[in-house]
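Each residue of the sequence shown is one higher than the one before, starting from 1 at the first, in UniProt numbering. Backbone N, C-alpha and C fix where the C-beta goes; we use that ideal spot for every residue, glycine too. Here is the structure we will look at.
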Amino acid sequence: MKRFVAVALAATAFATPAFAQDDAAFTGPRVEAIVGYDNVGVPGASNPDGVLYGVGVGYDFEEAGGIFGVEAELTDSTTKKTIGGAKLESDRDIYVGARVGDVVGPVLLYVKVGYTNARIDVDGDGSNGNGVRGGIGFEYGIGAKGYAKAEYRYSNYEGGVTRNQAVMGFGYRF
Numbered sequence: 001m002k003r004f005v006a007v008a009l010a011a012t013a014f015a016t017p018a019f020a021q022d023d024a025a026f027t028g029p030r031v032e033a034i035v036g037y038d039n040v041g042v043p044g045a046s047n048p049d050g051v052l053y054g055v056g057v058g059y060d061f062e063e064a065g066g067i068f069g070v071e072a073e074l075t076d077s078t079t080k081k082t083i084g085g086a087k088l089e090s091d092r093d094i095y096v097g098a099r100v101g102d103v104v105g106p107v108l109l110y111v112k113v114g115y116t117n118a119r120i121d122v123d124g125d126g127s128n129g130n131g132v133r134g135g136i137g138f139e140y141g142i143g144a145k146g147y148a149k150a151e152y153r154y155s156n157y158e159g160g161v162t163r164n165q166a167v168m169g170f171g172y173r174f
């Protein structure tokens, strides 16, 4: 039993520097391409869905054993539907927010929250809606600087409009 405890302590001591190196792989400036499923909830109507696509930028840093970051996105969507003669179209979405996460093995697990502004166009009126987005996701490092990510996020806009999205992203850290 003593031998087992000694081996476990030695393994922990040698593994700790390796975890520190893994954290560094998820820090610094980044740029990414995003694609995924988009579902817009409109009060009193069935929810139209489509494909979301866009780009994002961010900066992550390590502090107190966690990964903290700021990020921004610009996306567009193919989400369209005709409701009672009115044409609903989900156009661009701007997001600015923050995230916090932890590295578990080769994966960064994180949660995010921030401000979002979407254009939900009804018959060409070009309406903009301010809202809040929350989400959860993970990143997996590919090579020295690349990464892939998967994320679920929920946005709640003015007027009871909501948005559920499941996205994948591929990015590069500088």
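What does the alpha-carbon distance come out to for the pair residue i and residue j?
i, j, result
"Val42", "Thr162", "7 Å"
"Gly160", "Thr116", "14 Å"
"Ser90", "Val111", "25 Å"
"Val55", "Gly141", "18 Å"
"Asp38", "Asn47", "10 Å"
Pick helix, strand or coil for residue i, following the three-state DSSP scheme.
i, result
"Gly160", "helix"
"Ala98", "strand"
"Ala45", "coil"
"Ala148", "strand"
"Ala24", "helix"
"Phe170", "strand"
What residue range is occupied by the uninterrupted beta strand (DSSP E) comprising residue i?
i, result
"Ser77", "66-77"
"Phe138", "128-142"
Decide if residue i is buried, meaning its Cβ has at least 16 other Cβ atoms within 10 Å, or exposed.
i, result
"Val167", "buried"
"Pro17", "Residue confidence is low: Pro17 scores 41 on pLDDT, short of 50, so the model does not pin down where it sits. Its coordinate-derived value is still stated next. With fewer than 16 Cβ atoms within 10 Å of its Cβ, Pro17 is classed as exposed."
"Gly66", "exposed"
For residue i, tell me which candidate among the options has the shortest Cα-Cα distance.
i, options, result
"residue 178", "Arg92, Gly85, Gly135", "One cannot answer for residue 178 here, as it falls past the ends of the chain, which runs 1 to 174."
"Ile94", "Phe61, Asn130, Phe170", "Asn130"
"Tyr53", "Lys145, Phe170, Ala33", "Ala33"
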